[in-house]
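2 protein chains.
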Amino acid sequence: MIDASRKPPLIPESMSQRPAILFANDAFYTAFATGDLAAMDAVWARRAPVCCIHPGWTALNDRDAIMESWRGILGAPGGAGRQNQGPGGGRRQTAAIRCVRPEVFLLGDVAWVACYEILPNGNLIATNIFVPEDGAWRMVHHHAGPAPPVDAGDEADTPRVQ
Amino acid sequence: MIDASRKPPLIPESMSQRPAILFANDAFYTAFATGDLAAMDAVWARRAPVCCIHPGWTALNDRDAIMESWRGILGAPGGAGRQNQGPGGGRRQTAAIRCVRPEVFLLGDVAWVACYEILPNGNLIATNIFVPEDGAWRMVHHHAGPAPPVDAGDEADTPRVQ
């Protein structure tokens, strides 16, 4: 169903992109941890279609709705942060979220990161997808859900690249 | 950090790829629903790095480990299917899973689908990423986690494309 003459996928990319992808992923968690809505807005793509799946929520596919969700999460009284509204999952507290064990995947103009989010009351695991836009990697997809306990030691912050 | 002279992202792709992407996504859920391990094996990419995040599990980043997990899930006695091992999330029953409301995203050689998984005892929401390999779209990433109730009527099966 796909022209087999297309270039083979997963041609090795410049390693130089991987730090930039991790930088974008870190920017997301820094915006989250600091409750910085403007920084969160800058993280997300402006032209590419976007999708955000907070733990236990339905998917948000509209950029304005996504930013409104972050406004509520980051601005919650007492920094309560993202509240799981679904049948399971965790609760995120602003200023207490930490990303560990990011795994970076890269193919052409799309990168994705699987990582754990360490929270005071448990862990989540996230899939974050990025595309280049205006000279930087911008988030187009975020999906977080429950995860079991993981080793969140300092060594665990070392990214693995695929 | 990225060469701004690169071609703009999200150049409109051939619409003809979208049915092929949905076909690949459907093949995953058909393999799941029918408990067909060989079909599930065929769904997943063989050369690209892969990652599978079952509900409440840690991430599996090794193809053999992923297939072993599916062997256990699809072959569970009584078709019990995927068991959530984490702090939340749902339980999946083989032969009772149904994908609804798939949303397709496509950029170059990478496609991703956000969709709901309808189960007898609740819903999950999934992020599925595909890349072309050997002439077809193959799954490289699956992440499922809890979701609230959604409209799973017949009309909801109509895919939306971004």
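Chains as they are written, first to last, in the numbering used here: chain A, -5 to 156; chain B, -5 to 156.
Ideal placement from N, C-alpha and C gives every residue a C-beta, glycine not left out.
As the structure is a computational prediction, the values presented were derived from the model and not from experiment.
Per the coordinates, the alpha-carbon of residue 19/A lies some 20 Å from the alpha-carbon of residue 105/B.
Inclusion of residue 102/B and residue 118/B in the CB contact set at 8 Å is not warranted, their separation being larger than that value. Contact between the segment 43 to 53 of chain B and the segment 127 to 144 of chain B is present, with at least three C-beta pairs closer than 8 Å. With 16 or more other CB atoms across the displayed protein chains lying within 10 angstroms of its CB, residue 52/A is buried. Leaving aside the five residues that flank residue 34/A on each side, the residues in its chain whose CB is nearer than 8 Å to its CB run, in chain order, 22, 25, 26, 61, 64 and 68. Contact annotation: residue 144/A and residue 95/A have beta-carbon atoms nearer than 8 Å. Residue 37/A carries a helical assignment under DSSP once its states are collapsed to helix, strand and coil.
Sixteen is the threshold: since fewer than 16 other Cβ atoms of the shown chains lie within 10 Å of the Cβ of residue 114/A, the residue is exposed. DSSP places residue 141/A in the strand class (E or B) of the three-state scheme. Annotation: the continuous beta strand (DSSP E) that includes residue 106/B extends over 104 to 113. Inter-residue distance for residue 31/B and residue 107/B is about 22 Å (C-alpha atoms, whole angstroms). Around the beta carbon of residue 39/A, a 10 Å sphere encloses 16 or more other beta carbons of the protein chains shown; the residue is thus reported as buried. Under the Cβ criterion of 8 Å, residue 37/B is not counted among the residues facing chain A. The Cβ neighbour count for residue 17/A, taken over all protein chains shown within 10 Å, is under 16; the residue is labelled exposed. For residue 52/A, there is no enclosing alpha helix (DSSP H), as DSSP marks it with neither H nor E.
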